[in-house]
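A.B. asks:
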Amino acid sequence: MKPMDELMDEHRVIERVLNTLEVSANLMESGVTVRPEFLLSAADFIRGYADGCHHTKEEGVLFAHMAEQGIPLQGCPLGVMLAEHECGRQYTRALTSAAQALQSGDSSGTRRAIQSSRSYVALLRQHIYKEDNILFPMAENVIPIDQHDLIQERFDQVEHEDIGVDKHQKYLSLAIALEQEISTYS
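Position in the sequence shown (first residue = 1) + 274 = the working numbering.
In structure tokens form, the structure reads like this:
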């Protein structure tokens, strides 16, 4: 598998969880009670898979290789991607805080959960679009083909040593569980 294909495959998994967050926000807005633990699990997926695994590969491996080829880490496009990663982390913290408030009986968490979920979903959908259609093709063009295997090896190292295969599988299973749970609300 080519490194950019792996990242795009991970995007498809992330999009599945984005869909569950969007549905949960719509349900909450219509007055349906969504379990705070569902929201906490979605935030855990975001921290562990989207940020911990996927963004680690992008920031620690791909962006570094692009920078070596003259693409600056500040400004467009890499600086924008890094800023959006950080913005996503802020929305995830807000979602976690809202879900914890709901767990403790604070109904104000509902509005905050809806807002942070929608903000995260909107951010990540456009972010993924830019990466799939602009950044990754650019990376394939600027990074010499003989370095693609090195990038893939480093991705594998991140996956096996930094993240752990079991943890990666845990998050893939969590994405399925979130989809299954949100489908029970409709």
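All C-beta atoms in this analysis are idealised placements derived from N, C-alpha and C, irrespective of residue type, glycine included. In this text the structure is predicted, and so the values were computed from the model without any measurement.
Taking only three categories from DSSP, how would you classify Gly-349?
C.D. replies: coil
A.B. asks: Over what stretch of residues does the alpha helix (DSSP H) that includes Ala-341 continue unbroken?
C.D. replies: Looking at the DSSP string, the run of the alpha helix (DSSP H) that includes Ala-341 is 337-342.
A.B. asks: For Arg-385 and Leu-301, I'd like the C-alpha separation in whole angstroms.
C.D. replies: Approximately 12 angstroms, taken between the alpha carbons.
A.B. asks: Quick check: Leu-295 and Ser-391, are their CB atoms within less than 7 angstroms of each other?
C.D. replies: Judged by their CB atoms, Leu-295 and Ser-391 are nearer to each other than the 7 angstroms cut-off.
A.B. asks: According to the neighbour-count rule (16 or more other Cβ atoms, all chains shown, within 10 Å of its Cβ), is Glu-360 buried or exposed?
C.D. replies: exposed
A.B. asks: Would you list, in sequence order, the uninterrupted alpha helix (DSSP H) runs of no fewer than 4 residues that lie entirely inside the segment 366-404?
C.D. replies: Here the runs fully enclosed are 382-404.
A.B. asks: For the putative contact between Leu-369 and Ala-341, defined by C-beta atoms under 8 angstroms, what is the C-beta separation to the nearest angstrom?
C.D. replies: Their Cβ separation, rounded to whole angstroms, is 31 angstroms, which puts Leu-369 and Ala-341 out of contact at 8 angstroms.
A.B. asks: Would Ala-449 and Arg-286 qualify as a contact pair, given that the criterion is a beta-carbon distance under 7 angstroms?
C.D. replies: no
A.B. asks: First and last residue of the alpha helix (DSSP H) that includes Pro-418?
C.D. replies: Segment: none, Pro-418 is in no alpha helix (DSSP H) and carries neither H nor E.
A.B. asks: Can you give the beta carbon distance from Ile-402 to Leu-336, rounded, assuming they're within the 8 angstroms contact cut?
C.D. replies: Going by Cβ atoms, the distance from Ile-402 to Leu-336 rounds to 14 angstroms, so no, they are not a contact pair.
A.B. asks: Can you list, in chain order, the residues of its chain with a C-beta nearer than 6 angstroms to that of Thr-330? Leave out the 5 residues immediately preceding and following it.
C.D. replies: Val-432
A.B. asks: Compute the Euclidean distance between the alpha carbons of Gly-322 and Tyr-445, then round it to the nearest angstrom.
C.D. replies: Going by the C-alpha atoms only, they are around 7 angstroms apart.
A.B. asks: Apart from the five residues just before and just after Arg-363, which ones in its own chain have a Cβ nearer than 7 angstroms to its Cβ?
C.D. replies: Asp-325
A.B. asks: Counting only runs of 4+ residues fully inside the segment 276-342, write out the alpha helix (DSSP H) ranges in chain order.
C.D. replies: If we require 4 residues or more, the alpha helix (DSSP H) runs fully inside the segment 276-342 come out as 277-303, 310-319 and 337-342.
A.B. asks: Hey, out of Ile-437, Pro-418 and His-434, whose CA is closest to Gln-343's CA?
C.D. replies: Pro-418
A.B. asks: How would you write the range of the alpha helix (DSSP H) that Val-432 sits in, first residue to last?
C.D. replies: Segment: none, Val-432 is in no alpha helix (DSSP H) and carries neither H nor E.
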